[in-house]
Structure formats: C-alpha cells, structure tokens
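The working numbering puts the last residue of the sequence shown at 812; the count rises by one with no breaks.
Working notes, structure below.
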Amino acid sequence: MGGGVVRSFFSFDESLYQGYTIQTGSGSEVDTAAFIVPGQERNQWSGSVSLTSPTYRYFTATMSLGWGRTPLFREATAGNSRQISGTIDLRPTGSLRAAVQVSRLTLHRQRDGSRFSSETIPRLKVEYQVTRSLFLRFVGQYAARARKQLMDESGNRILVNGELDEGSTSNEFRMDWLFSYRPIPGTLVYLGYGSTLEEPGNFSFRDLRRTADGFFGKISYVFRL
Numbered sequence: 588m589g590g591g592v593v594r595s596f597f598s599f600d601e602s603l604y605q606g607y608t609i610q611t612g613s614g615s616e617v618d619t620a621a622f623i624v625p626g627q628e629r630n631q632w633s634g635s636v637s638l639t640s641p642t643y644r645y646f647t648a649t650m651s652l653g654w655g656r657t658p659l660f661r662e663a664t665a666g667n668s669r670q671i672s673g674t675i676d677l678r679p680t681g682s683l684r685a686a687v688q689v690s691r692l693t694l695h696r697q698r699d700g701s702r703f704s705s706e707t708i709p710r711l712k713v714e715y716q717v718t719r720s721l722f723l724r725f726v727g728q729y730a731a732r733a734r735k736q737l738m739d740e741s742g743n744r745i746l747v748n749g750e751l752d753e754g755s756t757s758n759e760f761r762m763d764w765l766f767s768y769r770p771i772p773g774t775l776v777y778l779g780y781g782s783t784l785e786e787p788g789n790f791s792f793r794d795l796r797r798t799a800d801g802f803f804g805k806i807s808y809v810f811r812l
C-alpha cells in the first residue's frame, strides 16, 4: 500500500490563447469580447492511494486512486480530477502470460462541478512462449475520450479563431501483433503488424473504420569470426 499528497501551483501561458474570444449576450444581442487569461493558481492539492496484492502463483493485482485540483489548460480554468486504474497480471501457465488494465479519468470544472472531459482506456496484453525459439505477443487497447464545449470562468462560450468550440469525441481501437523467432543463438527474426480503427460510438464495435496500418520486420544475425 502506498500514497502521497502534493501541493502545486500553475500559471497559464497567455500566448497559447491569442486566438480565443468569448461569446456574450443571447438571441439577437450576441457579441464577442476579449478572452481574459486568469492569473496564477496556488494551493493546488492532490493525493493518491495505491494497493498491490501479494505476488501469488497465478496472478498479481494492483489498484490506484487519484484526486485533486488540476488546471484545465484547454479553456484556462481551474478543475478537479478523479482517476482510478486497476491491473491484473495473470500467469495461468509457465508459457502464457496476460495483463488486463483499465483506467478511468474524469475532469470537472471547479466553479460549478460540471464535467469537462472523460477518458476510459482498457488494455489487454497477451504473451505466449510457444517454444524456446518461438514467441507471440498481442496488445489491444481501446481509448474512449470526450470533451465538452469550452467555457471561460464565467460560463461564457469560447470561440477559437472565430469559431465556437463544440467539444470533441474520439473512440480509437489499437491492435499490435508481434512474432519473434530465434532459431539459434545470435539469430533473431521480428515480424509485427499494427492497426488503428475508429468508430462514432464508444465500445460498440459495430462501425469500426480503419485509419492506419503498419508493418515492421527485423532480422539480426551475429557473424562469428
């Protein structure tokens, strides 16, 4: 078991917000005004707690919690963060290993408690030692991210380069495969493939669209003189 407490401070770099303005008024009275970058924030306290199980024969588990004050740099406001993550390392046999990890992060605006953004990332890694010379690995990760519309400290909508910011969402699924072959000492072959897919709805797995592919290979050989 472990934990900690941190006290910090931060300032916003005004040059990063040069294209920002705010929307004022409503209806036919809508107008824009200059975006005021807040001053330095002090006494930003945060804490964390982690728990780790004993190392059993077939598994080990870890869980961590984090919370505290944090800057929301995208809109230059103060916020609160909440984070939880857990990992289970599985060793069902001497040749098979797996690690399952899930993390969840949410950011809320300090002024009214409204949610600013969220991030949920589950990850799976499986390794299989087929023989002494043959090794396989798979890593799959899904990242679901969502961010609300930008607002200043008074709750006014923010325009970036003259356009109202409408927030953003992304749901990305990444897979990586690795094949490793070592027939004799000094000779090693690596072959791998990775792909990235995206979909409009989070964790639906119905409308996945491929956005990137990648192959790689490596062959090494030690010459003996």
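Beta carbons: idealized from backbone N, C-alpha and C, even for Gly.
Treat the numbers as computed from the prediction; the structure is a model and nothing was measured.
Problem - Where G727 falls: helix, strand or coil (DSSP) - result: strand
Exercise for the section: Measure the CB-CB distance between I708 and I609 and report whether it falls below 9 Å. Expected result: no
Exercise for the section: Could you please give the first and the last residue of the uninterrupted beta strand (DSSP E) stretch that includes F596? Expected result: G589 to F597
Practice task
Give the DSSP-derived three-state secondary structure of E785 in the structure shown.
Solution key: strand
Practice task
Go through its chain and collect everything with a Cβ distance to Q697's Cβ below 8 Å, but skip five positions before and after it.
Solution key: R656, T664, A665, G666 and N667
Problem - Backbone CA spacing between V689 and G612 [nearest angstrom] - result: 43 Å
Problem - According to DSSP, residues forming a beta bridge with V713 - result: A685 and F725
Problem - Three-state class that DSSP yields for Y604 in the structure shown - result: helix
Handout entry: Residues bridged to R656 [DSSP beta-bridge criterion]
Key = N667
Exercise for the section: Give the DSSP-derived three-state secondary structure of T804 in the structure shown. Expected result: It is worth fixing the name first, because residue 804 is Gly in this sequence and not Thr. Three-state DSSP puts G804 in a strand.
Exercise for the section: Please confirm whether D763 and Y780 have their CB atoms less than 9 Å apart. Expected result: yes
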